[in-house]
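Q: A single structure is presented below for examination.
Numbering (UniProt numbering), first residue to last: 1 to 219.
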């Protein structure tokens with residue numbers, strides 16, 4: 001008899017990371033620990049369909065994320081969206097990651113509440129749960145009602161305990177999290193006005209921003 005293959009638990013958290021900051025990283029670490037993930041991958045978006053064009057180049061954003069997670073055992077970086085020269089659709093990314101995993105491995109797509117409420121506008125959004133579970137980071141102050149299309153999905157696929165989601169894909173659950181009040185917009189504004197962002201980003205990110213003179217008023 002062959003040994004049973006250990007089921008891996010992999011999370012992905014996408015974002016423009018323009019720049020990556022302690023809010024992103026603290027959220028990622030809390031989710032990885034709470035869910036007992038083997039790995040949580042930060043996935044920088046290339047040209048996200050729903051967001052403004054990032055202010056700095058993809059290679060700079062990637063370098064900053066790589067520097068930020070260095071030495072953190074459960075966090076890693078997945079650069080596959082930056083290698084694509086077309087729009088980044090999450091469904092393509094999920095299919096690509098899923099093809100590299102064992103069939104029983106669990107894949108968790110981590111989304112903020114706003115992104116989750118916007119799912120019905122995503123490319124082939126009804127297919128997402130064929131490839132992953134969805135883990136929604138719910139803020140204690142989020143009182144927005146999800147759109148009708150999602151209510152039916154939640155009724156059918158919701159799992160009250162996120163750690164109890166079984167199988168490789170197919171369920172939705174919520175993780176309550178009080179995010180740090182830090183935003184990339186705020187960081188860019190501080191830098192543009194010549195102020196310090198020390199302690200809002202990891203030291204490696206700060207060093208990269210300074211070495212490459214990113215986000216300064218002249219950029």
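Using N, Cα and C, we set each Cβ at its ideal position, and we do this for glycine too.
Run through DSSP, which three-state label would residue 219 get?
A: One-based indexing of the chain shown puts residue 219 at position 219. Note that residue 219 has pLDDT 43, beneath the 50 cutoff, so the model's placement of it is unreliable and no number is given.
Q: Tell me which residue opens and which closes the beta strand (DSSP E) that residue 174 is part of.
A: Along the chain shown, one-based indexing puts residue 174 at 174. Unbroken beta strand (DSSP E) run through residue 174: 172 to 176.
Q: What number of angstroms, rounded off, separates the C-alpha of residue 154 from the C-alpha of residue 79?
A: If you number the chain shown from 1, residue 154 lands on position 154. If you number the chain shown from 1, residue 79 lands on position 79. Near 30 Å, if we compare the C-alpha coordinates of residue 79 and residue 154.
Q: Beta carbon of residue 108, beta carbon of residue 133: below 7 Å?
A: The residue you call residue 108 lines up with position 108 of the chain shown. The residue you call residue 133 lines up with position 133 of the chain shown. Yes, these two residues count as a Cβ contact at 7 Å.
Q: Just to confirm my understanding: we take residue 10, look at its own chain, exclude 5 residues before and 5 after, and list those with CB closer than 8 Å. What are they?
A: Taking the chain shown and counting its residues from 1, one reaches residue 10 at position 10. Result list for residue 10: 37, 38, 39, 40, 41, 97, 101, 105, 106, 107 and 108, in chain order.
Q: Would you kindly report the start and end of the unbroken beta strand (DSSP E) that includes residue 42?
A: On the chain shown, residue 42 is found 42 positions in, with the first residue counted as 1. That run of the beta strand (DSSP E) goes 39 to 44.
Q: Would residue 136 and residue 116 be called neighbours here (beta carbons separated by less than 7 Å)?
A: By one-based count along the chain shown, residue 136 stands at place 136. By one-based count along the chain shown, residue 116 stands at place 116. Yes, the pair counts as a contact, with Cβ atoms nearer than the cut-off.
Q: Shortest alpha-carbon distance to residue 172 belongs to which of 184, 15 and 138?
A: Position 172 of the chain shown, counting from 1, holds the residue named residue 172. Minimum Cα distance to residue 172 is reached at 138.
Q: By DSSP's criteria, residue 108 is part of a beta bridge. Which residues make up the other side?
A: Here the question's residue 108 lines up with position 108 in the chain shown. Per DSSP, 11 and 133.
Q: Quick one: residues in its chain with C-beta nearer than 7 Å to the C-beta of residue 86, no 5 flanking neighbours on either side, listed in chain order?
A: Taking the first residue of the chain shown as 1, we reach residue 86 at position 86. Correct list: empty, nothing qualifies.
Q: So who's on the other strand from residue 76, going by DSSP bridges?
A: On the chain shown, residue 76 is found 76 positions in, with the first residue counted as 1. DSSP, once it has assigned bridges, lists 41 as partnering residue 76.
Q: Where does residue 27 land, buried or exposed, given buried means 16+ other C-beta within 10 angstroms?
A: Within the chain shown, numbered from 1, the residue matching residue 27 stands at position 27. With 16 or more Cβ atoms within 10 Å of its Cβ, residue 27 is classed as buried.
Q: Do you know offhand how far residue 4's Cα is from residue 165's?
A: As a first step, residue 4 is located in the chain shown; it is residue number 4 there, counting from the start. As a first step, residue 165 is located in the chain shown; it is residue number 165 there, counting from the start. C-alpha separation (whole angstroms): 20 Å.
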